Amino acid sequence: MFDAKTQFSLTILPRKLHQEIKPILLTGAGFSYGAKNVHGERLPLGKELIEMLVTNLLGYDSKSEEAKDLMGHTLSDVYEFVKVNNESQAKSFLIDLFSNCQPVDFHRTIANFPWQKIYTFNIDDLMENSVPMGYLNVISTSIPMKRSPHNTVDYIKLHGCVRNHSADFVFSNSEYIRTSIGNDFRFADFVRDACTEDFVIIGASGVEPDIETYFARYRNSDKTPQGNFFYVDPYPDAIVRSKIERAGAHLIRITASEFAAWLEKETKDIRKGRIAVSSAQFKKSFRDVGEYIRKHQNSDNTTTRLYEGENPTWLDIISGYDFSKAITSTILDYINGELLANDCHLVIPMLSKAIGGKSVQLKRLGFELYSQGIEVYELINDSLNVQSFIDFISRTPGNTIALLIDDGSSFYSSVNRLVELFPNDKRLIVLIAARPYFHQKKYYELRHLPGYKVFALDDISTDSLLTLAQSAVTTLKEKGLLGTLKAMSHQERLRHFRKNDLPNALWKVFHGVGLKKRFERSYQSIIRDTDRRGDESWSLRVAEILFAFALFNQRELSHVPDIVLSLWLEKGKERLLMQVADLIKPIDNKGMALRTDMLNSIIINSTERSVKMKVIREILRVIAPFVGRDNEYFNQIQGRLMNELFLRKNLKLPAVKVKELLTKLLKYYDENHNYFIQLGRAEQALGHYSPALNHLQQAEILAPGSYNVKNSIARNYLKQAYDDSRLTQDEATAAYDTGRRIMLDLISHREQYQVRAYSIHSLVVESVKYWRKFDLTPSAEEYNELAKVLHDAIGEYREDSRFNHAVQVLHGFAKQKQIKYPFPETAIEKLVVMKAVLTQSDSKLLISDDFPEQEEI
């Protein structure tokens, strides 16, 4: 039973909640009570956080006198002390501690009420993870932003946000003073709202400087309050009670959990409308496959563009235009077996090369799972909002849920989180279509999951090819689409599909021999049309947009996002897209892409260097505000377009031009570690090793735990040792020793396959180059150090070309130098692998250390 004052306050508050203009919610640290971070740890409150700062960051024993002294101070004082000692480490610690917070039910209940707006003193992302994607308009900077579209709520984070790494956190008194006396519109709005609007305050201690300062200003002003404060706190002390009474606020002495239960009961009618909004937002990101199939299953679909190389549609699958593959039955049998035998969630990446049919197989499997009574959804957005998906699914009747993700390697981290948070009373099946190259870079984020299983779709076994050929011939005959195959016998038709890659076989049947030429003619027609207008600026814009689409295709980026096109092309967007409409296609509601890979080479090769540089620079400029946030795809764009090796080797930009391009992007990426890695590598390519190290050290400060950064620094030292003619012998030796030490540390402390393979190859090849440059014969200890690294990795890397090359380089060098140091003792199974590499004929043995450069992991 609530006390009398609480009962009275709870009779007033419902009237406020049902008004058209709702109260404002203000949350403090206590609101986050019960939530856990990504590590499964409960979020610390004031005293707990102080202890963590003192022991974890400052390194004091909790029983030491120094620790006891510090823990007697306030959080703001302790954080200011820690920040003075190591600001970047303090910020990184808080980001790690308060990121990817997992809400409990009462957080969701409170967060999903349609408040007028929400203010918070918290830096965590708990509120963002408690509501569907797109519901909150998060404001965490001092720069005013336009309000988001209808049905969103402004969420103003007064003290910063873990998702906005570029802004400071307000924990200390000095930071608070700096922000409050500046031109930060957030605090000005808070002052105004505090004097004019109704507020519900949950989790605030009452001693926050924000509340203290603004109440002081309010008491010293002549303004009369136009709103009420409802202060939710189960155990306020005497001082806080006195402040609440003097401010004329209403004290509600219940917990946040109890308040949520009361709120849910009092506002059921409001929430019904909120659920409808939530469902509409869900449908912007996820397609209900079952709903779509039921709506179109009786459609008389006699047209398909699938055989011409277009992406598959659900109508293609429903109408049976796709071809059966043996692997489809294999995957279905595996899923059904696991659903019966185990209770874990299933995560199934399905790997295939470009234009290998993985999108078709993904949809076919989704259709079959729907036919078995499973609820099936498809991701149709650039970002996988885990909480939005869980919130919606928790209200559906099905016990088994399937989620389809196409081109999904960039979503592996989000899938991992989805599996961890998915309700225990339902089963989840995540089917992911991915390309092997990008899967290898990200698979370690999933491989620890109990239900993880990878399937390779590019099965070229005799039985698999026969199954595919039979299905293709039968389907084309039933659909009346045999074309030139009509003149062949049944066996000849089967042979046609068995001897050709499927896309090539289809192109030949559907006039595919001339398909590439037709695409090229369309491209040339567009160029001629723009040239005839005599408007050089327009011709240039058309060339730029076509190069952009070809560039994304070449880098295996599925589409150019709509937001990028809008910000880059501005008012000319629609006219430009219309001009090149014959060569592009929409990708769901994400953006646009080139219709075919066949145009990549002709467009890229015919584009002038200046145009290439301008387009890449402009796109990287436009996406800069989105990079580093939760949108995996924008990070992917930046990583692939900014890659120094791609720019230099594939686009054939001189190293000096790559440096010029990157230097002009400094103001947009001065807090991005990957930018400084690429700039450092551009300097490396020019032989400028000191400036390269300068940039790489900045990258290390921004991302102290990054493998790429440490590997790049190590390679810089190793390359400088043999390539920088200005170094003395002693300086070259010191550079080599430094690089070797860093690289060995990476190899010994990294377990990921790709990471270790890359480092092993770098160490061996750069070491041999160094020895050759100075005509050195390594000591037995030095030689066996590298030999042992290769020996320890034999079993794991037997199929890796980099490992084989490294073995051959070292062995070739030893053979050339007539080094006969004993090799480490080797188990029989490892010896077999080593023998296969070392017993090649001299004509095949790579004595040279030349090997194609590879992009970083």
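Start counting the sequence shown at 96; every next residue gets the next number (the working numbering).
The beta-carbon is built from N, C-alpha and C at its ideal position, and this holds for glycine as well.
Keep in mind the model is a prediction, meaning the values are calculated, not measured.
query: Selection from Val514, Ile469 and Gly468 that minimises the alpha carbon distance to phenylalanine 484; result: Val514
query: For glutamate 470: DSSP bridge partner residues; result: Ile496
query: Among Asp819, Glu669 and Pro531, the one whose alpha carbon lies nearest that of lysine 868; result: Asp819
query: Integer-rounded CB distance, given that isoleucine 855 should sit under 8 Å from phenylalanine 898; result: 7 Å
query: Identified DSSP bridge partners for asparagine 149; result: Sequence check: residue 149 is valine here, not asparagine. According to DSSP, which records beta bridges pairwise, valine 149 is partnered with nothing at all.
query: Sheet register partners of leucine 120 (DSSP bridge); result: Ile213 and Val295
query: Identity of the residues DSSP links to glutamine 197 by a beta bridge; result: Lys131
query: Exposure of glycine 800, with buried meaning 16 or more beta-carbon neighbours within 10 Å; result: exposed
query: Straight-line gap, methionine 929 to arginine 593 (C-alpha atoms, nearest Å); result: For methionine 929, the predicted model reports a pLDDT of 49, less than 50, meaning its position is unreliable; a value from the coordinates is still stated below. Cα to Cα, the separation comes out at about 36 Å.
query: Beta-carbon contacts of isoleucine 349 that lie in its chain and below 8 Å, excluding the five residues immediately before and after; result: Phe97, Thr101, Val327, Pro329 and Trp357
query: Candidates Gln619, Asp428 and Val568: closest to lysine 548 by CA position; result: Asp428
query: Own chain partners of leucine 522 with C-beta closer than 6 Å, once the 5 adjacent residues on each side are dropped; result: For clarity, residue 522 is arginine in the given sequence; the question names leucine instead. Closer than 6 Å at Cβ, skipping near neighbours: Thr495.
query: Valine 655 - DSSP class collapsed to helix/strand/coil; result: strand
query: C-beta contact flag for leucine 457 and leucine 499 at 8 Å; result: yes
query: Through-space distance from valine 179 to tyrosine 831, alpha-carbon basis; result: 35 Å
query: Tyrosine 330 (DSSP reduced to helix, strand or coil); result: coil
query: Beta-carbon spacing of alanine 875, leucine 885 below 8 Å; result: no
query: Distance cut-off 7 Å: lysine 420 Cβ against heavy atoms of the ligand PLP; result: For the structure depicted, the ligand PLP is absent and the ligand set is empty, with no information on it obtainable.
query: Inter-stretch contact (C-beta, 8 Å, three-pair minimum) for the segment 213-231 and the segment 158-166; result: no
query: Cβ-based neighbour list, threonine 247, same chain, cut-off 8 Å, excluding 5 preceding and 5 following; result: Gly229, Tyr230, Leu231 and Asn232
query: Residue(s) in a DSSP beta bridge with histidine 585; result: BP columns for histidine 585 are empty, so no partner.
query: Simplified DSSP state of proline 786, which is helix, strand or coil; result: helix
query: C-beta atoms of serine 489 and proline 518 nearer than 8 Å; result: yes
query: Residues bridged to arginine 203 (per DSSP); result: Partner(s): none; arginine 203 has no beta bridge.
query: Nearest residue (CA-CA) to tyrosine 198, options Met166, Leu192, Phe771 and Asn132; result: First, the amino acid is wrong: residue 198 is proline here, not tyrosine. Out of Met166, Leu192, Phe771 and Asn132, Asn132 has the C-alpha closest to the C-alpha of proline 198.
query: Neighbour-count burial assignment, aspartate 825, 16 or more Cβ in a 10 Å radius; result: exposed
query: First and last residue of the uninterrupted alpha helix (DSSP H) at methionine 708; result: 704-718
query: Cβ pair alanine 798, histidine 768 closer than 8 Å; result: yes
query: Classification of glycine 298 by the beta-carbon crowding that lies within 10 angstroms, buried from 16 upward; result: buried
query: Sub-8 Å separation of aspartate 692 and asparagine 648 beta-carbons; result: yes
query: Any chain C beta carbon closer than 8 Å to leucine 822; result: Looking at the structure shown, chain C is missing, and only one protein chain is on hand.
query: Nearest-angstrom Cβ-Cβ length linking leucine 253 and tyrosine 214, presumed shorter than 8 Å; result: 6 Å
query: Phenylalanine 208: first and last residue of the uninterrupted alpha helix (DSSP H) it sits in; result: Segment: none, phenylalanine 208 is in no alpha helix (DSSP H) and carries neither H nor E.
query: Buried versus exposed call for histidine 585 [16 or more other C-beta atoms within 10 Å across all chains shown]; result: exposed
query: Any 3 or more C-beta pairs closer than 8 Å across the segment 740-756 and the segment 716-727; result: no
query: Threonine 397 vs tyrosine 416 beta-carbon contact at 8 Å; result: no
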